[in-house]
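Asker: Structure provided below as structure tokens; questions to follow.
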């Protein structure tokens, strides 16, 4: 491959920025969780790229753990969203003001 | 039969698992880099479409496209096992879970503004600062100009490596998954008292 490592870094950085954008801008808990998934995916891409650059399998091992963490996070997060929806009838974070 | 069983039970103690270098001709290398850039454009476009859709079902479907692109990128980077896992876990399990939740909850999407205008200035300042810092970091990386060479970690060698070096983290992470499943079950359980309170609140 005639691809410098810079371009992999730029791709993963842009993906991570898109994830941050989704988390900050969207007004729905489900879309916020989707943004977190995009960010985790960007981190996985950069780890696999670095693993190829140094021909070291540790990066791929960490990506395996990232997948497991993502699965655990999304299951608990979606269960929280369903729980909060049952209590307030909305997934907009601005409506969660019971403590006010 | 015992011989074949022993072959599967014992690890072959020949060479330590690592990347297998694949040397190809120049034309193949050029094709690989073209594939990389095409995949990068595909991933970026589908992710950008996903995070700007109002309809969440459309967003999830675009994100599935993005994760398929990432899986192909992993395959190109010499991680076929991780490519399979990306399709199964991300594009399969996680996105289907999102689809279930989107269809289960009645979420109103009309009239939802994307961004409150009063927060434009601080958000733009933060974004520009982080973008400048990131570009500086990527440009200043001494390893950044090194060119990636092709290689592949065979799934057998990868599994052997994982269970030789990372067996304890694997056990801990499987325990974490179990705890997450139990927590999700506890949270999603609908008790009678809670549903009664919910109807009262709904009527008020």
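Residue numbers (the working numbering), protein chains in the order written: chain A, 109 to 208; chain B, 4 to 207. Note that beta-carbon positions come from the ideal geometry of N, C-alpha and C, so glycine has one too.
Quick one: which chain B residues come within Cβ less than 7 Å of residue 193(A)?
Answerer: On the first chain, position 85 is the one that residue 193(A) refers to. Per Cβ cutoff of 7 Å: 108.
Asker: For chain A, check one thing: does any of its Cβ atoms lie closer than 8 Å to the Cβ of residue 207(B)?
Answerer: As a working note, residue 207(B) is residue 204 in the second chain. Legend: pLDDT at residue 207(B) = 48, less than 50; position of this residue unreliable, value from coordinates given subsequently. Taking Cβ atoms only, chain A never reaches closer than 8 Å to residue 207(B), which makes this a no.
Asker: What is the residue span of the alpha helix (DSSP H) that residue 22(B) lies within?
Answerer: On the second chain, position 19 is the one that residue 22(B) refers to. Note, residue 22(B): premise wrong, no alpha helix (DSSP H); not H, not E.
Asker: So, are the CB atoms of residue 144(A) and residue 156(A) less than 8 Å apart?
Answerer: Position 36 of the first chain holds residue 144(A). Position 48 of the first chain holds residue 156(A). Contact flag unset, no.
Asker: Looking at C-beta atoms only, is the number of pairs between the region 145-161 of chain B and the region 147-167 of chain A that lie closer than 8 Å three or more?
Answerer: Judged by Cβ distances under 8 Å, the region 145-161 of chain B makes contact with the region 147-167 of chain A, as three or more pairs qualify.
Asker: Any idea what DSSP makes of residue 145(B), helix, strand or coil?
Answerer: For this step, residue 145(B) is matched to residue 142 along the second chain. Three-state DSSP puts residue 145(B) in coil, outside helix and strand.
Asker: If contact is defined by three or more beta carbon pairs under 8 Å, each pair taking one atom from either stretch, is the region 41-60 of chain B in contact with the region 184-203 of chain A?
Answerer: Verdict: no, contact absent.
Asker: Counting only Cβ pairs nearer than 8 Å, list the residues of chain A close to residue 184(B).
Answerer: Position 181 of the second chain, counted from the first residue, corresponds to residue 184(B). 183, listed in chain order.
Asker: Identify which residue in 154(A), 179(A) and 174(A) has its Cα closest to the Cα of residue 112(A).
Answerer: Taking the first chain and counting its residues from 1, one reaches residue 112(A) at position 4. Ranking 154(A), 179(A) and 174(A) by Cα distance to residue 112(A) puts 154(A) first.
Asker: Kindly confirm or deny that the region 73-87 of chain B and the region 29-40 of chain B touch, where touching means at least three C-beta pairs closer than 8 Å.
Answerer: Contact between the region 73-87 of chain B and the region 29-40 of chain B is present, because at least three Cβ pairs lie under 8 Å.
Asker: On the three-state DSSP scale, how would you describe residue 154(B)?
Answerer: As a working mapping, residue 154(B) is identified with position 151 in the second chain. Here residue 154(B) sits in strand by DSSP.
Asker: Taking 8 Å as the cut-off, decide whether the C-beta atoms of residue 63(B) and residue 108(B) are in contact.
Answerer: In the second chain, residue 63(B) corresponds to position 60, counting from 1. In the second chain, residue 108(B) corresponds to position 105, counting from 1. Cβ distance not < 8 Å, so residue 63(B) and residue 108(B) don't count as in contact.
Asker: In its own chain, which residues sit with a C-beta less than 6 Å from the C-beta of residue 158(A), not counting the 5 before and 5 after it?
Answerer: Locating residue 158(A) in the first chain gives position 50, counting from the first residue. Contacts found: 167.
Asker: With a threshold of 8 Å between beta carbons, is residue 179(A) in contact with chain B?
Answerer: Counting from one through the first chain, the residue named residue 179(A) turns up at place 71. Yes, contact with chain B.
Asker: Threshold first: 4 residues or longer. Then list the alpha helix (DSSP H) segments lying entirely within the region 114-184 of chain A, N to C.
Answerer: The region 114-184 of chain A contains these whole alpha helix (DSSP H) runs: 137-161.
Asker: Chain A partners of residue 46(B), CB-CB under 8 Å?
Answerer: Translated into positions along the second chain, residue 46(B) becomes position 43. Here the neighbours are 119 and 123.
Asker: Alpha carbons only, please: which of 131(B), 172(B), 153(B) and 166(B) is nearest the one belonging to residue 33(B)?
Answerer: Here residue 33(B) refers to the residue found at position 30 when the second chain is read from its first residue. Among 131(B), 172(B), 153(B) and 166(B), the Cα nearest to that of residue 33(B) is on 153(B).
Asker: Looking at C-beta atoms only, is the number of pairs between the region 137-151 of chain B and the region 113-129 of chain A that lie closer than 8 Å three or more?
Answerer: Judged by Cβ distances under 8 Å, the region 137-151 of chain B makes contact with the region 113-129 of chain A, as three or more pairs qualify.
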